[in-house]
Structure formats: C-alpha cells, structure tokens
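In order, the protein sequences belong to chains Z and E.
Positions 2 to 352 (my numbering) are the ones given, in order, by the first sequence.
Positions 53 to 174 (my numbering) are the ones given, in order, by the second sequence.
Yeah, the Cβ is synthetic: ideal placement off N, Cα and C, and Gly gets one too.
None of these values were measured; they are calculated from a predicted model.
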Amino acid sequence: MVPFAGYSMPLRFAGIVAEHQAARVRAALFDVSHMGQLVLAGEGRIATAEGLLPIAAGKLAAGRSKYTFMCDEQGGTIDDMIVGNDGDRLFIVCNAASADAVAKHIEGNLADGCTFQRLAGRALLALQGPQAAAVLAEHAAADLDSMYFMDALWTEVAGAEARICRCGYTGEDGFEISLAAEAAASVARALLADDRVAPAGLGARDSLRLEAGLCLYGNELSAAISPIEAGLRWAIPPSRRRGGGFVGADTILDQIANGTARCLVGLACEGRAPLRAGAELQDAEGQFAGTVTSGGWSPTLERPVALALVGSQHAHPGCRLSGLLRGRSIAAETVELPHVAHRYRVRPRAS
Amino acid sequence: MAKQYTRNHEWIEMAEDTGSWRVGITQYAQEQLGDIVMAELPDVGRTVVAGEECAVIESVKAASDIYAPLEGEITRINEDLAGSPELINEQAEGAGWLFEISGSLDGAVELLGEQEYADLVG
C-alpha cells in the first residue's frame with residue numbers, strides 16, 4: 002500500500018506486469034474511488050459547463066460522455082475529466098488530487114439556475130480489458146451490447162444501484178462503475194470471483210495508460226502545460242474552437258491558431274533502461290530539446306516507452322533525440338501515439 | 053560458508069570456484085522492487101570502495117541503486133542477466149546473482165547473519 006492523493010492505495014497485487022497483462026488479455030479490476038465525482042444540475046448546468054469546458058455541452062446527447070479539460074484564465078490546465086449527460090444532470094469524474102481545485106472553480110463560476118454537488122460516499126471501480134464486458138454482463142441488469150465507448154447509464158450491478166460508463170484509462174474496452182461506497186466491497190468481490198478478473202493496482206494503471214498514450218494530470222497536463230501543448234486539440238469541437246466562451250479561451254484559441262512552442266510526443270527508447278519523468282532530452286547537436294513527462298517499461302512492447310514535451314521542431318515522428326540517464330546518453334526516437342493501439346468499442350457510424 | 057547480508061538488502065557469499073565474493077539482492081529486495089527489467093552491472097576490472105554505488109536495477113516502476121559491500125575489484129558479472137533479468141526476481145539468492153568482487157571483508161559494510169537479517173525485514 003502506498004500513499005496517493007491523500008489515500009492509502011495498493012501499488013500492486015500479483016505484480017505490475019501480471020496485472021498489466023491481465024488488462025490487455027482478460028480483465029483487471031481497479032479501485033479508483035479516490036477520484037472526484039461531481040454533479041451539475043438545474044437549467045443553468047449547460048451554461049455552467051460551457052463556460053468552463055470547451056465542449057458542446059448543449060449537444061451532448063443523454064447517455065453520452067466526453068473527455069475534456071478545465072483551464073484557468075492563462076490557459077493552463079486545472080484538470081482533465083469525463084463529463085456525461087445523465088438526462089437531467091451532468092456527471093463529472095475528475096482526478097483525486099485536483100477535485101478541490103475543480104470544485105472551487107465550478108463554485109466560482111456557477112451560472113444562474115445551476116446547482117453543484119460534490120458526491121460523497123461514492124466509490125468508483127474500473128473493470129478494464131477485452132473480457133470486461135463479458136464479465137460485467139453476468140452482473141449488470143442493463144444490456145451491455147447496446148453500450149459503446151463513452152456511453153453511460155444507470156443500472157444495477159450485482160444487486161447494487163450503479164452508474165456505468167463504457168470508458169477507462171487503459172486503452173482497452175472497459176467500464177467505470179460508480180456506486181455507493183457501502184456496496185463497493187461486495188460488488189468488487191462479485192467481479193473478482195470471476196476467474197477472468199485480476200485485481201490491479203496503481204502500478205499497472207500507470208503502465209497501461211502510458212502505453213495508451215493517455216495524459217496524466219500532473220505529468221502531461223498542469224497549470225504550466227496547456228491541453229493544446231499536450232496534444233488534446235482533438236477533444237475541442239469546431240464550434241468551441243471558433244466561438245471560445247470558456248475560461249482560458251483566449252490562450253487556447255491562440256494556441257490552436259498559431260501553434261505552440263512545445264508539443265507532447267511519444268518516445269521509443271533504445272535498450273532496456275527506461276527514461277523516466279524529468280529526464281532531459283537533447284537533439285543531435287547536443288542542444289536541449291525537451292523533457293520526459295512520463296516514462297517506464299512497456300510490458301506489451303517489452304521495451305521502454307515514454308511521453309515527452311519537446312520543442313515543436315522535434316515533434317514529428319522519427320525525430321532522433323537522446324535522453325540523459327545517469328550521465329549516459331540513451332538514444333530515443335519520437336513516435337506516434339498511442340504506443341499500443343486502443344481497442345475501444347466505438348459505435349459504428351451510420352452509413 | 054553461509055550467506056551474510058547487508059542493511060541494503062544485499063547478500064554476499066564466497067564463490068567456491070573463484071575465491072571472490074559473490075553479491076546479489078535478497079528475496080525481500082526483489083519482492084519490494086517488483087518486476088525487474090534490467091540490471092546495469094559494473095565493468096569487470098572496476099575498483100570500488102565499501103558502500104559505493106556500483107550497479108543499478110531497473111524495475112517497471114523505478115531504478116534502485118546497488119552498493120559494493122566491500123572494497124575490491126569487480127572480477128565477474130552475471131552474463132545471464134542481460135537476456136533474463138527476471139532471474140533476479142525468480143532466483144534472487146541463487147542464479148540471479150549480480151557480480152563478484154575480490155577483496156577482504158575487513159572494512160566491509162556492516163554484515164548481518166541470516167537470523168539478524170530475517171529480524172531486520174520482519
């Protein structure tokens with residue numbers, strides 16, 4: 002058990018690699034109850050959301066969710082999060098360490114007719130992997146076949162009322178299950194009783210999201226790193242890119258229009274020693290090129306992988322850089338993300 | 053002669069065939085480190101002093117320093133580890149040894165017996 006965001010959480014169970022592989026091959030269960038669960042309700046909820054988040058909240062269909070982020074006035078990131086339309090409410094899941102800052106920001110920017118609630122006494126379990134749906138189907142009342150990536154609905158799981166969202170932080174198909182804290186232990190046990198499910202901790206959670214090229218707030222996103230620098234322009238719909246109207250829009254729109262001095266890239270590294278967060282990168286001339294934001298061992302690729310913030314001139318794939326590790330130079334090359342392809346169950350487009 | 057242990061969770065044992073001291077990390081240490089992905093071993097011929105950082109073990113989560121338990125010269129490294137770093141996890145106190153060092157135990161770091169070490173890690 003290790004301290005994390007004010008909680009005591011398991012780093013691993015059977016081992017990081019074993020848990021990581023379970024998530025890629027069968028299913029892994031993570032307890033992510035430390036994350037913030039917030040609700041915006043009332044007729045002013047759309048205006049509140051659109052004033053803070055660069056999403057088309059008014060166009061978000063009931064039962065759908067979006068990945069987005071909240072910025073400060075300077076365009077720095079306050080947090081990244083998933084926002085879902087539950088019909089009469091917007092349901093937000095954000096990072097544990099940022100939940101206070103997010104709540105404060107929302108409270109300071111509530112539109113008329115909007116109420117904000119930070120849910121207490123709620124747990125969040127993440128079941129991730131190619132067999133997650135098959136496992137959950139045995140315990141969920143809802144028909145999971147009707148759920149695609151980023152769909153959410155309220156149902157019963159192992160007899161407990163739960164909100165399930167078909168999303169996660171691993172790159173695999175999977176579900177995040179929000180439920181009352183009192184019900185969490187027995188639901189977790191019910192899922193773990195299935196041979197296909199392995200309990201997984203923080204170590205595997207990090208190695209999975211690193212392979213998937215997903216940003217971790219604090220590493221790839223922060224007050225000093227804007228979502229555009231972190232490569233998340235894709236998450237902002239054209240209507241918000243044109244219109245602005247959210248906190249930080251001036252900077253964000255400018256970065257979209259004119260580019261940024263630095264960009265997030267993937268790195269493939271030579272050898273077996275990982276370049277880890279904070280490692281300095283140099284270009285072929287020995288000049289400073291950027292910094293590793295996250296790095297570690299990829300159990301799927303069996304080599305080190307990293308994410309790095311580099312000068313935009315180095316941000317195209319195939320750029321050769323070197324990382325400094327214990328006084329030595331490690332050869333690295335920029336690569337497209339993700340390191341390991343995502344396998345979300347994306348809704349087929351109507352033809 | 054029985055293994056002796058250091059407070060840095062390393063073991064040391066006389067290698068019968070060479071007369072050098074064979075060094076590795078303990079079962080407790082490999083458990084703490086988790087899945088090991090590589091070991092950066094010292095160059096053969098390098099001289100080290102007792103307590104000097106002379107190797108690094110990279111696990112999935114972090115890099116950990118390994119310290120020379122005594123003053124001497126690195127005479128041999130475990131070549132199997134390059135292709136099979138997991139040997140350190142699987143046989144930490146046997147086939148997963150790290151390097152051999154020639155020198156005297158005089159001036160070595162504090163060495164513990166088996167029971168003392170067992171008490172240390174509880």
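Q.
Any C-beta of chain E within less than 7 Å: which residues of the segment 4 to 26 of chain Z qualify?
A. R13, G16, I17, V18
Q.
According to DSSP, simplified to helix, strand and coil, what is W235 of chain Z?
A. helix
Q) Going straight from the alpha carbon of A115 of chain E to that of L128 of chain Z, what length do you get? A) 30 Å
(Q) Please classify N141 of chain E as buried or exposed, where buried requires at least 16 other C-beta atoms within 10 Å of its C-beta. (A) buried
Q: Compare the C-beta of P362 of chain Z against all C-beta atoms of chain E and say whether one is closer than 8 Å.
A: In this structure chain Z extends from 2 to 352, so residue 362 of chain Z is not present and cannot be described.
Q: Using a cut-off of 9 Å between C-beta atoms, extract the partners of D11 of chain E located in chain Z.
A: A query on residue 11 of chain E cannot be resolved here, the shown segment of chain E reaching from 53 to 174 and no further.
**Q.** Exposure label - D152 of chain Z; buried when at least 16 CB within 10 Å
**A.** So D152 of chain Z ends up on the buried side.
Q | chain Z contact for E92 of chain E (CB, 8 Å cutoff) | A | Yes, E92 of chain E counts as interfacial toward chain Z.
Q. Does the pairing of the segment 249 to 269 of chain Z with the segment 73 to 85 of chain Z give three or more beta-carbon distances under 8 Å?
A. Result yes; three or more Cβ-Cβ pairs closer than 8 Å.
Q. Hey, would you say the C-beta of C95 of chain Z is under 7 Å away from at least one heavy atom of the ligand GDP?
A. Annotation note on the ligand GDP: not contained in the displayed structure, which lists no ligands.
Q: Please determine if the segment 152 to 172 of chain Z and the segment 95 to 108 of chain Z are in contact, where contact requires at least 3 C-beta pairs separated by less than 8 Å.
A: no
Q) Can you list, in chain order, the stretches of the alpha helix (DSSP H) that have 4 or more residues and sit fully within the segment 27 to 110 of chain Z? A) 46 to 53, 100 to 108
Q.
For chain Z, check one thing: does any of its Cβ atoms lie closer than 8 Å to the Cβ of G86 of chain E?
A. yes
Q: Let me know if Y218 of chain Z comes out buried or exposed under the rule of 16 or more other beta-carbons within 10 Å of its beta-carbon.
A: buried
**Q.** Under 8 Å between C-beta atoms of G64 of chain Z and N86 of chain Z
**A.** Yes.
Q | The alpha helix (DSSP H) enclosing A252 of chain Z, as first and last residue numbers | A | Reading off the sequence, residue 252 of chain Z comes out as Thr, not Ala. 250 to 259 is the extent of the alpha helix (DSSP H) around T252 of chain Z.
Q | Contact with chain Z by V173 of chain E, beta-carbon distance below 8 Å | A | For V173 of chain E, not one C-beta of chain Z is nearer than 8 Å to its own C-beta.
Q. When the cut-off is 8 Å and only beta carbons count, does A274 of chain Z lie next to chain E?
A. yes
Q) Cβ atoms of A191 of chain Z and A142 of chain Z: under 8 Å apart, would you say? A) no
Q: Let me know if R13 of chain Z comes out buried or exposed under the rule of 16 or more other beta-carbons within 10 Å of its beta-carbon.
A: So R13 of chain Z counts as buried.
Q: Pull up the distance between the alpha-carbon of G155 of chain E and that of G135 of chain E, whole angstroms please.
A: 28 Å
Q. Is the Cβ-Cβ distance between H315 of chain Z and G296 of chain Z less than 8 Å?
A. Result no, Cβ atoms of H315 of chain Z and G296 of chain Z do not sit closer than 8 Å.
Q.
Could you compute how far the alpha carbon of P318 of chain Z sits from the alpha carbon of L39 of chain Z?
A. Cα-Cα distance, rounded: 38 Å.
Q: Return the first residue and the last residue of the beta strand (DSSP E) that G76 of chain E is part of.
A: For G76 of chain E, the enclosing beta strand (DSSP E) begins and ends at 73 to 77.
Q | Contacts of V108 of chain E in chain Z (Cβ-Cβ under 9 Å) | A | Residues of chain Z whose Cβ lies closer than 9 Å to the Cβ of V108 of chain E are, in chain order, A274, R327.
Q: Please decide whether K55 of chain E counts as near chain Z, where near means a Cβ-Cβ distance under 8 Å.
A: It does not: the Cβ of K55 of chain E has no partner Cβ on chain Z nearer than 8 Å.
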